[in-house]
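Peer 1: This is the structure I want to talk about, given as structure tokens.
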Amino acid sequence: MSKATHLECSLCNQRFDAGTVQNLCACGGPLLVRYDLDLIRTRWRRRDVPNGVSSMWRYAPVLPPADQAIVSLGEGWTPLIRTRRLGARLGAEWLWVKDEGLNPTGSFKARGLSCAISMCVELGVRKVAIPSAGNAASALAAYAAAAGIESHIFMPSDVPQANYLECKAYGANVTLVDGLISDCGKIVAERGPKEGWFDVSTLKEPYRIEGKKTMGYEVAEQMDWELPDAIFYPTGGGVGLIGMWKAFEEMEKLGWIGARRPKMVAVQAEGCAPIIRAFEEGEPRSRFFDNAHTIASGLRVPKALGDFLVLDAVRASGGTAIAVSDDEMLDAGIRMASDEGIYAAPEGAACIAALEKLLASEFLKATDRIVIYNTGSGIKYPEAYSTRFPRAAGGEQDKLGGLITPR
Ligand SMILES: *Cc1c(COP(=O)(O)O)cnc(C)c1O
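Residue numbers (my numbering): 68 to 474.
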């Protein structure tokens, strides 16, 4: 089965060899993996896909590593759950949640890092490094452990406790940095070349996006190859959205879907909304968002490397970009949990808060078929949710209610 033919710069279109280790193009553009889709479509048909494995590797013919290099912990092929009560409550008749919280390490980051670490195995990379605000670090640490590769992780010191503990347990070399994710990125960029680390920062290498694009293949397959009318995606670096957009393009070339696309809705936090600002100003790229803050750690990306790709996809799809507050995220998260039994990350819950607004503004109709991505599990965010359900120490719990003393 043919794999990647080459890598292509998303800015200047320069081509690179797919068989060697690459980071960014010399022009600064992220590299995208390209395949001979005309050849692949003669050998791999849409009707063959259901015979594949129950993970994202069912789409292995359009993923770069060779089969023997794949490092899998069962990522992807997550459920697409039709809501039972939440849609009706919001006035959306056809609402689904793609629940990425069920992935290894509790977020969709598993997809990207399964693919990237598999490529490390294929290309002989022995040491990797990442700056991360949380879930990417956990996923990197897990897949590096599974592959027997050394990992170096740089996280802001206020990273959620769950991510820190996971990374330590997986045996990663963890450094907490008294600064922002951008400071962590600088350390990796400076020390990486000397230490021989492969930098797996978001979009600085070509493979994580390939893993993330499988979210687009899966939603098509799970909806019987009819894409929904709208997709809500909580956007930090935006790689999931860029990846899905790439997947739709590839599926059209494979003859699996037509030219119709869902409206892509990029959701951000009010405290960190560079994409929304650029979208509203009609700009092709975003500007650094000062004092970025939100409980949704995955959305705390003040300036994304692939911002122009996100903005292009959102505009080409007839979609939009919208910000919600941290309070709205928590409200929506608790509503989702109690209505559906899905305990979402605040990032995923942000999509529900955004959906409410876009139904109210009539950007979407009650009869539209809508998919929201819950990108992670709420279980990883005790700090965020405990602001709503405080548990005081000792006798204080009496005053909050819910404590009884057995006699
Ligand atoms: C990283 C992350 C995001 C943002 O992902 P991008 O594809 O980089 O925009 C959203 N939600 C969660 C839970 C994340 O960990």
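Using N, Cα and C, we set each Cβ at its ideal position, and we do this for glycine too.
Do you know how far the Cα of residue 162 is from the Cα of residue 410?
Peer 2: Residue 410 and residue 162: Cα-Cα distance of roughly 16 Å.
Peer 1: Given that a residue counts as buried once 16 or more other Cβ atoms are within 10 Å of its Cβ, and exposed if not, what is residue 292?
Peer 2: The residue in question, residue 292, is exposed, as its Cβ has fewer than 16 Cβ neighbours within 10 Å.
Peer 1: Start and end of the beta strand (DSSP E) containing residue 147?
Peer 2: Start and end: 147 to 149.
Peer 1: Just list the beta strand (DSSP E) runs in the region 415 to 450, keeping only unbroken ones of 3 residues or longer that don't cross its boundaries, in chain order.
Peer 2: Whole beta strand (DSSP E) segments, 3+ residues: 436 to 441.
Peer 1: Measuring only from the beta carbon, is residue 145 closer than 7 Å to any heavy atom that is part of ligand 1?
Peer 2: No; taking the cut-off as 7 Å, the Cβ of residue 145 has no heavy atom of ligand 1 nearer than that.
Peer 1: Is any non-hydrogen atom of ligand 1 found closer than 7 Å to the C-beta of residue 366, if you look at the structure I gave you?
Peer 2: Correct: residue 366 has its Cβ closer than 7 Å to ligand 1.
Peer 1: With a threshold of 16 other CB atoms inside 10 Å of the CB of residue 416, please say whether the residue is buried or exposed.
Peer 2: It is buried - the Cβ of residue 416 has at least 16 other Cβ atoms within 10 Å.
Peer 1: First and last residue of the alpha helix (DSSP H) that includes residue 357?
Peer 2: Element bounds for residue 357: n/a, residue is neither H nor E.
Peer 1: Quick check on this structure: which residue in 81, 455, 89, 448 has the alpha carbon closest to the alpha carbon of residue 264?
Peer 2: Minimum Cα distance to residue 264 is reached at 89.
Peer 1: Since residue 21 is in the alpha helix (DSSP H), which residue starts that stretch and which ends it?
Peer 2: Past the boundaries of the shown model lies residue 21; the chain is included only from 68 to 474, so the question cannot be answered.
Peer 1: Considering only heavy atoms of ligand 1, does any lie closer than 7 Å to the CB of residue 412?
Peer 2: Indeed, a heavy atom of ligand 1 lies less than 7 Å from the Cβ.
Peer 1: Across the region 280 to 295 and the region 223 to 238, are there enough close Cβ pairs to call them in contact, namely three or more that are closer than 8 Å?
Peer 2: The region 280 to 295 vs the region 223 to 238: no contact.
Peer 1: Could you have a look at residue 72 and say whether DSSP puts it in helix, strand or coil?
Peer 2: In the structure shown, residue 72 sits in a strand (DSSP, three-state: E or B).
Peer 1: Since residue 282 is in the alpha helix (DSSP H), which residue starts that stretch and which ends it?
Peer 2: Per DSSP, residue 282 belongs to the alpha helix (DSSP H) from 275 to 289.
Peer 1: Could you check which residue in 261, 397, 308 has the C-alpha nearest to that of residue 374?
Peer 2: Closest by alpha carbon: 308.
Peer 1: Under the assumption that residue 336 contacts residue 393 (Cβ atoms under 8 Å), give the Cβ distance between them as a whole number of angstroms.
Peer 2: Between residue 393 and residue 336 the Cβ distance is about 6 Å, and since that is below 8 Å, they are a contact.
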